[in-house]
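Below you'll find the structure, written out as structure tokens, and then a few comments.
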Amino acid sequence: MDTLQNVMTTPVITITPDKPVSHALGIMEQRKISALVVAKKKTPLGIFTERSLIQIRVDGEIDYSLPIQQVMSSPPFTAPADMDYREAYQLLLHHRIRHLVVTDHDGNLIGIVTATDFLYHLGLEYYMEVKNVDQVMIRDVVTLKSSAPAFTAMKLMNDRRISSLVIEENGYPKGIVTERDLLRLIRSKIKLKTIQLHEVMSHPVETVFSDVSSLKAARILLKKGLRRLVVTNSSGRCIGIITETDMIKGLRTSYTNHLKEVIQQQARQIKEVKQQMEEACILDSMLQSAGDIAISIMDPDLHILLHNQAAGKLYNCTTDTIIGQNAATLHRKAGNLEQFEQAVAMAKKNGRYEFVLQQQRNGITRYLTTTIFCILDQENNRTGFGLISLDTTHQKQYEASLQAERDFSKKIIDTAPSIICSITPDGTIQFINPAGEQLTGYSAAELLGKNWQDYFYAGKTGRSTREMLKQFQEDDVRGYEVRLKTKDGELRDISWSSVKRFSGKGAFFETLILGNDVTGQKKAVQELEQRKKEAEDANIALKVMLDQHTKTRESIEEQISIKLKELVNPYLDLLRQSTIGEEQTEIIRIITAHIDSITHPFSPKAREIMLGLSPRETMIGDLVRQGKTSKDIAEILNISLRTVETYRNNLRKKLGINKRKISLRTYLMTHFTQ
């Protein structure tokens, strides 16, 4: 367990920097973790902890839609996987942090270390040194009454930088509130200033007596997944609290002893080989301990005298073949001789020169931050050159990616048809895009530093302006229409939307507002309303005309009915009184029925259906309605019986009853009775 490789937790739960705060809180609550590493691909960019959340909430309300990169702690504290675990613990103590991000030699995220990890991996011999809980517990316990509001507990924990506090009554522990409890409450958006601790505290409290062994206390913590225990006396009264961090404080002494051993061992080794070790050997040892930093020592003619392993990668040679070779020759093979020679010339002139060396290898460009310096003797004469180089390709690629994102965002803003503007809380314009310049007629130089309302809020000053700026500060505005007056005096209708921006600590510092010109749309709506009114007026006129037409038609029908009764019916009466046969009598009756149908028109629906029938279909339909059989109809009209049946089927189809169980005569009697 000498290195972090054996202590760290892996794999690490991460979140990308663009995810909102609400998403991060959900992961932390679901996974029951106290910290979330923010990473892009394998690179750790920051860390977000329960304590970070409390610090933000104490300062005010939280915007849960903010991307996590705006509120995370950045950069995170990191340590290599091969670091001694006791040295890593010293880092936690020195920086007063509880989480250490573990990376490999390329800076890639591979693990995370917390107090729980140390506690889990400490051996029995460690707990033998710390005999019981009384030796490591905290006696000054921070407590509150159960009636206190949750916000008071949160502020007290933030001010005292503690991870929990005990809820007690008359000296007896009744509950406990931890940072994890506050995470749950904050995520649930509960009113912390009104809810009391007895409603949210964890209870019953997990306790331990002060004379219990540290080993047993550690086992309780690990078994129950806790990070603290309340220490009580035999009467059950609270006398202290012990946390994971308290359990591993003995590592401080362990680390001091470790350093002493290392120093003593090194002193013995130096003393043993002091007489035999030459200056070149000492220098070579220093070179090899440089890790990823390439170091080489050259004579005045640039022949390599000493180097470390990382220099082999720099020159693309095996380490045993570099000695004696000319560095210029190696850089010629690498394709960057001209850049190297210019750097040497500048070092000769100024004593040292820093530059970024570019190398092409397998079609990939590598960027090496390099320093060449002159090595001088006691008489200040140049005796050689030193070269120090570090591969910063990943950093360059990341910077290029960020720049590409900035360029893309700028292109979108510059080509956007809408006004995009940034204003401070008091309304001062900080940024305006080309669309804003074009629409207003003012240049960016004329607008920047001026009050927004003076140029974008025509005819509105004083209270109304302040109210809108206040709305920008308190809410995200959507579709707020304002009249704008351009530089040449034209009035335009603008629909504004806004988004608040916050600093990394959650403080509001500016508003981004987006304005769309809706003048044309409003004119189109007005024209549409006008046309709608005109159409309504036309409809009224048309209705009047239709009513007049209906009255005229009814008058004509009435006149026709009267004329038929006056001019035709008398002659039909004469025919009935004369001597005629049965067939002629039937025909006269049919004529009379048809005259009646003319003088007593059908209903509008029946009239519409009758207009779709042929004259013969109308005649046959009327005979069926009168109760004539198909045979009777055939004899009256002098057609075949089969033809009559065909006409009857056509009538059923046109009337829509061909698939219904209803007789044709019944349907006609029901719907076509005058």
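Residue numbering for the sequence shown follows numbering that gives the first Met the number 0, beginning at 0 and increasing consecutively.
Beta carbons are placed, not taken as given, at the ideal position from N, Cα and C, and that holds for glycine.
**Study point:** Proximal residues to residue 446 (C-beta, below 8 Å), its chain only, five neighbours per side dropped
**Key:** Around residue 446, the same chain offers 428, 431, 435, 436, 439 and 454 as residues with beta carbons nearer than 8 Å, after the five sequence neighbours per side are excluded.
Point to revise | Cβ separation of residue 51 and residue 132, assumed to be a contact under 8 Å, to the nearest whole Å | key: The pair is not a contact, with the Cβ atoms about 30 Å apart (cut-off 8 Å).
Exercise for review: Please classify residue 544: is it buried, with 16 or more other beta-carbons within 10 angstroms of its beta-carbon, or exposed?
Suggested key: So residue 544 counts as exposed.
Point to revise | Whole-angstrom C-beta distance between residue 241 and residue 227, which should lie under 8 Å | key: Indeed they touch by this definition, with Cβ atoms about 7 Å apart.
Review point. Residues in its own chain within less than 8 Å of residue 650 by CB, not counting five upstream and five downstream?
Key: Excluding residues within five positions, the ones whose Cβ falls inside 8 Å are 612, 616, 619, 620, 623 and 663.
Review point. How do the segment 173 to 186 and the segment 80 to 94 stand: do at least 3 beta-carbon pairs fall below 8 Å, yes or no?
Key: In short, these stretches do not touch, since the Cβ pair count stays below three.
Point to revise | Simplified DSSP assignment, three categories, for residue 357 | key: Under the three-state reduction of DSSP output, residue 357 falls in the strand class.
Check your understanding: Which one or two residues does DSSP pair with residue 47 in a beta bridge?
Key -> Note: residue 47 sits in a beta bridge opposite 35.
Practice item. With a floor of 4 residues, list each alpha helix (DSSP H) that falls wholly inside the segment 340 to 403, ordered by position along the chain. Key: Listed in chain order, nothing qualifies, since the segment 340 to 403 has no complete alpha helix (DSSP H) run of 4 or more residues.
Review point. What separation, rounded to the nearest whole angstrom, lies between the Cα atoms of residue 383 and residue 311?
Key: Our two residues, residue 383 and residue 311, have alpha carbons roughly 19 Å apart in a direct line.
Exercise for review: Work out the CA separation of residue 441 and residue 412 for me, nearest whole Å.
Suggested key: Taking the straight line from one Cα to the other gives about 17 Å.
Practice item. Say whether the segment 384 to 397 touches the segment 354 to 373, bearing in mind that this needs 3 or more beta-carbon pairs closer than 8 Å, one atom from each stretch. Key: Yes, they touch.
**Study point:** Distance between residue 470 and residue 476 (C-alpha atoms, nearest Å)
**Key:** In a straight line, the C-alpha of residue 476 is about 7 Å away from that of residue 470.
Exercise for review: Could you name the residues of the same chain whose beta carbon sits closer than 8 Å to that of residue 22, not counting the 5 residues immediately before and after it, in chain order?
Suggested key: Only 14 and 67 meet the Cβ criterion.
Check your understanding: From residue 30 to residue 12, what does the alpha carbon distance come to, in whole angstroms?
Key -> Taking the straight line joining both Cα atoms gives about 9 Å.
Exercise for review: For residue 614, write down the residues that DSSP places opposite it in a beta bridge.
Suggested key: None, per the DSSP bridge assignment.
Practice item. Assign residue 119 to one of three DSSP states: helix, strand, or coil. Key: Of the three classes helix, strand and coil, the one that applies to residue 119 here is helix, per DSSP.
Exercise for review: Check the C-beta distance from residue 666 over to residue 654 and give it rounded, since I have them as a contact under 8 Å.
Suggested key: Sure, about 6 Å apart at Cβ, within 8 Å.
**Study point:** Inter-residue Cα distance where the pair is residue 460 and residue 484
**Key:** Residue placement at residue 460 is poorly supported in this model, since its pLDDT is 48, which falls under 50; the coordinates still yield a value, given next. Roughly 13 Å separates the two Cα atoms.
Exercise for review: Apply the 10 Å Cβ neighbour rule to residue 502 and answer buried if 16 or more other Cβ atoms are within range, or exposed otherwise.
Suggested key: Exposed is the call here.
Exercise for review: Give the straight-line distance between the Cα atoms of residue 379 and residue 332, rounded to the nearest whole angstrom.
Suggested key: One alpha carbon belongs to residue 379, the other to residue 332, and they sit about 33 Å apart.
Point to revise | Boundaries of the beta strand (DSSP E) in which residue 91 is found, first to last residue | key: Careful: residue 91 lies outside any beta strand (DSSP E), inside the alpha helix (DSSP H) at 84 to 94.
Check your understanding: When the Cα of residue 80 is compared with those of 347, 590 and 104, which residue comes out closest?
Key -> The shortest C-alpha to C-alpha distance from residue 80 to any of 347, 590 and 104 is the one to 104.
Review point. How many whole angstroms separate the CB atoms of residue 205 and residue 229, which I take to be in contact at a CB cut-off of 8 Å?
Key: Contact holds; Cβ gap of about 7 Å.
Check your understanding: Are residue 515 and residue 417 close, meaning C-beta to C-beta below 9 Å?
Key -> Against a cut-off of 9 Å, the Cβ pair of residue 417 and residue 515 comes out as a contact.
Review point. Which whole-angstrom value is the C-beta distance of residue 37 and residue 71, which I expect to be below 8 Å?
Key: Confirmed, about 5 Å.
**Study point:** Run of the alpha helix (DSSP H) containing residue 668, from where it starts to where it stops
**Key:** Unbroken alpha helix (DSSP H) run through residue 668: 663 to 670.
Point to revise | Cβ-based neighbour list, residue 5, same chain, cut-off 8 Å, excluding 5 preceding and 5 following | key: So the list reads 84 and 120, once near-sequence residues are dropped.
Review point. If you drop the 5 nearest sequence neighbours on each side, which residues of the same chain put their C-beta closer than 8 Å to that of residue 426?
Key: Within its own chain, the residues whose Cβ lies closer than 8 Å to the Cβ of residue 426, once the five positions on either side in sequence are excluded, are 450, 451, 452, 464 and 468, listed in chain order.
Practice item. Closer than 8 Å by C-beta to residue 586: which residues in its own chain qualify, once you throw out the five before and the five after it? Chain order, please. Key: Once the five neighbours on either side are set aside, the close Cβ partners of residue 586 are 635.
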